[in-house]
Amino acid sequence: MASLFPSQADDAADMPELSEINVTPFIDVMLVLLIIFMVVSPLATVDLKIDLPAASAKPEPRPDKALFVSLKADRSLYLGETPVARAQLGGLLDAQTGGDRQRTLFFQADKQAAYEDVLGVMDTLRQAGYLKVGLVGREGE
Numbered sequence: 003m004a005s006l007f008p009s010q011a012d013d014a015a016d017m018p019e020l021s022e023i024n025v026t027p028f029i030d031v032m033l034v035l036l037i038i039f040m041v042v043s044p045l046a047t048v049d050l051k052i053d054l055p056a057a058s059a060k061p062e063p064r065p066d067k068a069l070f071v072s073l074k075a076d077r078s079l080y081l082g083e084t085p086v087a088r089a090q091l092g093g094l095l096d097a098q099t100g101g102d103r104q105r106t107l108f109f110q111a112d113k114q115a116a117y118e119d120v121l122g123v124m125d126t127l128r129q130a131g132y133l134k135v136g137l138v139g140r141e142g143e
């Protein structure tokens, strides 16, 4: 058996007691925070009941005399294959359609065209009274 000499016993009594950090309160706080986040996180999402229309991938047949308005990446505007200025677009459309503003127009824009320019052409068409505008895209992409 080991015994302590008097000088060693005094040193052992003077040494501070080693204690470990009690992590139980820390774990309790973390679990409470986890529960709070689990309860609050569904409230942060938007939950709107919207009945979205179903889309079919079948392309629609083009009309016999489709009227295309095209916008290229360099901001040039075309009615059919004829270049036009944006200010003349309404008058030329009236001449082409015979003033029939209920006729559907097809608008196609280059994918490099600026969104601002696309909206500008759409606004010009709306101001000219042509509200039936179909947007043309590539099939299969």
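Whatever position you read off the sequence shown (first residue = 1), add 2 for the working numbering.
Think of the CB as a built atom: it goes at the ideal place given N, C-alpha and C, for glycine as much as any other residue.
Pick from Val-135, Phe-28, Phe-39: whose alpha carbon is nearest that of Ala-111?
If you number the sequence shown from 1, residue 111 lands on position 109. It is Val-135.
Compare the Cα-Cα distances from Asp-125 to each of Arg-88, Gly-101, Thr-26 and report the closest residue.
The residue you call residue 125 lines up with position 123 of the sequence shown. Closest option to Asp-125, judged by alpha-carbon separation, among Arg-88, Gly-101, Thr-26: Arg-88.
Could you tell me how far apart the beta carbons of Val-123 and Leu-73 are, in whole angstroms, since I believe they sit closer than 8 Å?
Taking the sequence shown and counting its residues from 1, one reaches residue 123 at position 121. Taking the sequence shown and counting its residues from 1, one reaches residue 73 at position 71. The distance from the Cβ of Val-123 to that of Leu-73 is about 5 Å, consistent with a contact at the 8 Å cut-off.
Residue burial classification, Val-71 (beta-carbon count within 10 angstroms, cutoff 16):
Within the sequence shown, residue 71 is the residue found at index 69, counting from 1. So Val-71 ends up on the buried side.
Beta-carbon contacts of Leu-137 that lie in its chain and below 7 Å, excluding the five residues immediately before and after
Looking up residue 137 in the sequence shown gives position 135. For Leu-137, where only same-chain residues beyond five positions count, the Cβ hits under 7 Å are Phe-109.
Taking the Cβ atom as the reference point for each residue, do Tyr-132 and Leu-95 lie within a distance shorter than 8 Å?
The count along the sequence shown starts at 1 and reaches residue 132 at position 130. The count along the sequence shown starts at 1 and reaches residue 95 at position 93. With a cutoff of 8 Å on beta-carbon distance, Tyr-132 and Leu-95 are scored as near each other.
For the alpha helix (DSSP H) holding Tyr-117, just list the boundary residues, first then last.
For the purposes of this step, residue 117 is identified with residue 115 of the sequence shown, where counting begins at 1. DSSP places Tyr-117 in the uninterrupted alpha helix (DSSP H) bounded by 117-129.
Does DSSP put Val-138 in a helix, in a strand, or in coil?
In the sequence shown, the residue the question calls residue 138 occupies position 136. It is coil, neither helix nor strand.
Roughly how many whole angstroms lie between the Cα atoms of Pro-18 and Val-42?
The count along the sequence shown starts at 1 and reaches residue 18 at position 16. The count along the sequence shown starts at 1 and reaches residue 42 at position 40. Rounded to the nearest angstrom, the two C-alpha atoms are 45 Å apart.
Are Leu-69 and Leu-107 closer than 8 Å when you measure CB to CB?
Translated into the one-based positions of the sequence shown, residue 69 becomes position 67. Translated into the one-based positions of the sequence shown, residue 107 becomes position 105. In this structure, Leu-69 places its C-beta atom within 8 Å of the C-beta atom of Leu-107.
Of all the options Ala-130, Val-25, Gln-114, which has the alpha carbon lying nearest to the alpha carbon of Asp-102?
Taking the sequence shown and counting its residues from 1, the one referred to as residue 102 is at position 100. Per the Cα distances, Ala-130.
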